[in-house]
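In the working numbering, the protein residues as written are 64 to 287.
Okay, structure coming up:
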């Protein structure tokens, strides 16, 4: 029997970065009307796609450079990320970024790490109009109808479970549906709480060094 190929799906905001950039952008620039939209999105009264799209539509396109500059200056990268990418490469593990964020701030933050563009799944933005318009190139497909925006489970299902050992790394509710179909979950923050609450196996982490250590241990034990 051929061993399954390992593949990693890693969240961006609050996972690769130390904080959630969408929340930070909204709090910092404080466009009129964003707070009820944020509350309705977090409470799941509206979908992520509806909420994020509506919040960014409150910002003028002319602010693009200012927003990018703000994110680049404040978004720290979690310890061990570069070493983790090196480890994945050495072990021949495919690494994909799966993010509900936008390319205009994700691409510049990830540029130093040399991740191929076709290994970054995220939303994009159109700045040609007066207001920002979020574009959704990776929408939900059957069986997901959650209005994810960037649907992580749809991306993961491109890698069939009978061929791949699917490893998910994340921190929030947007990662939970993916966690339910992953073979191995590394979790932080709200995702840890949600996995514990609903009995989804998970390994909590704080830095990417923690993940390297756990994966090496699992390899020694013959379970990865």
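All residues carry an ideal CB built from backbone N, CA and C; glycine is no exception.
- Across which residues does DSSP place residue 186 in a beta bridge pair? On the chain shown, residue 186 is found 123 positions in, with the first residue counted as 1. In DSSP, residue 186 forms a bridge with 165.
- Message: Give me the residue from 199, 181, 175 and 100 with the minimum Cα distance to residue 164.
- Response: Position 101 of the chain shown, counted from the first residue, corresponds to residue 164. Ranking 199, 181, 175 and 100 by Cα distance to residue 164 puts 199 first.
- Chain-order list of residues whose beta-carbon lies under 7 Å from that of residue 96 (same chain, five-residue window excluded): Counting from one through the chain shown, the residue named residue 96 turns up at place 33. Contacts found: 121.
- Where does residue 145 sit, in a helix, a strand or coil, going by DSSP? Along the chain shown, one-based indexing puts residue 145 at 82. Helix at residue 145.
- Compare the C-alpha of residue 247 against each of 235, 261, 140 and 267 and name the closest. The residue you call residue 247 lines up with position 184 of the chain shown. Selected option, being the one with the closest Cα: 267.
- To the nearest whole angstrom, what separates the beta carbons of residue 245 and residue 258, a pair I think is in contact under 8 Å? The residue labelled residue 245 in the question sits at position 182 within the chain shown. The residue labelled residue 258 in the question sits at position 195 within the chain shown. With a Cβ gap of about 10 Å, residue 245 and residue 258 do not count as contacting.
- Query: If we count Cβ pairs, one from each stretch, closer than 8 Å, do we get three or more for the segment 75-84 versus the segment 220-229?
  - Reply: no
- Is the CB-CB distance between residue 156 and residue 69 below 9 Å? Numbered from its first residue, the chain shown carries residue 156 at position 93. Numbered from its first residue, the chain shown carries residue 69 at position 6. Their beta carbons are under 9 Å apart, which means residue 156 touches residue 69 by this criterion.
- Output the distance between the C-alpha atoms of residue 158 and residue 114, rounded to the nearest integer angstrom. For this step, residue 158 is matched to residue 95 along the chain shown. For this step, residue 114 is matched to residue 51 along the chain shown. CA-CA distance, residue 158 to residue 114, rounds to 28 Å.
- Query: In terms of alpha-carbon separation, which member of 276, 215 and 167 lies closest to residue 197?
  - Reply: Numbered from 1 along the chain shown, position 134 holds the residue referred to as residue 197. For residue 197, the nearest C-alpha among the options comes from 167.
- Message: Beta-carbon within less than 6 Å of residue 205's beta-carbon, same chain only, minus the 5 sequence neighbours each way: which residues are those?
- Response: By one-based count along the chain shown, residue 205 stands at place 142. None.
- Status (buried if at least 16 other CB within 10 Å, exposed otherwise) for residue 138: The residue labelled residue 138 in the question sits at position 75 within the chain shown. Buried, because 16 or more other Cβ atoms sit within 10 Å of the Cβ of residue 138.
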